[in-house]
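Enquirer: Structure incoming, see below.
In this note's numbering, the protein residues as written are 1298 to 1441.
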């Protein structure tokens, strides 16, 4: 069985050299999300949530590392496909309760404008989109 430590190693390798919009090491983003998760499964998914989308690591690689089917399925749901419409992507996320928890953490982190030195209009538009999605997923979790 793969561990949280191994997930962090894989994510650190996958995101090596990548930076966020403010120039900080990208690996800090999944690590921040990880710290908000309620259990080990969602912590591992949070750490790995962008590795397939942003690197050459595949879902099969994660399986070969020994990650459970539930973890691989969560990462798969959180991996946006090439040319996939955002609404279709969120519909896929909604089908997996673990992915929903991680996506909520992802959206919270992405909506934190304190990470940005200068705010542009595009930042506000992006945050509005994220806020709408956050409310949608939060209502799903609370059963509304």
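From the three backbone atoms N, C-alpha and C, an ideal C-beta is built for every residue, glycine too. All figures in this text were calculated on a predicted structure; none of them were measured in a lab.
Can you check which of these residues, 1310, 1331 and 1322, is closest to residue 1405 by C-alpha distance?
Expert: Cα-wise, what sits closest to residue 1405 is 1331.
Enquirer: Is the beta carbon of residue 1307 less than 9 Å from the beta carbon of residue 1356?
Expert: Not a contact, by the Cβ cut-off of 9 Å.
Enquirer: Under 8 Å Cβ to Cβ from residue 1338, same chain only, skipping five residues before and after it: list those, please.
Expert: Cβ within range, chain order: 1365, 1367, 1368, 1371 and 1395.
Enquirer: According to DSSP, is residue 1316 helix, strand or coil?
Expert: Strand.
Enquirer: Entirely within the segment 1367-1404 and at least 4 residues each: give me those alpha helix (DSSP H) ranges in chain order.
Expert: Taking only runs of at least 4 residues, the alpha helix (DSSP H) segments lying wholly in the segment 1367-1404 are 1383-1391.
Enquirer: Does DSSP classify residue 1322 as helix, strand or coil?
Expert: Three-state result, residue 1322: strand.
Enquirer: In whole angstroms, what separates the C-alpha of residue 1309 from that of residue 1333?
Expert: About 18 Å.
Enquirer: Does the beta-carbon of residue 1327 have 16 or more other beta-carbons within 10 angstroms, so that it is buried, or is it exposed?
Expert: Residue 1327 comes out buried.
Enquirer: Between residue 1352 and the rest of its own chain, which residues show a CB-CB distance below 6 Å, the 5 nearest in sequence each way excluded?
Expert: Once the five neighbours on either side are set aside, the close Cβ partners of residue 1352 are 1311.
Enquirer: Using a threshold of 9 Å, state whether the C-beta atoms of residue 1335 and residue 1432 are closer than that.
Expert: No, these two residues do not count as a Cβ contact at 9 Å.
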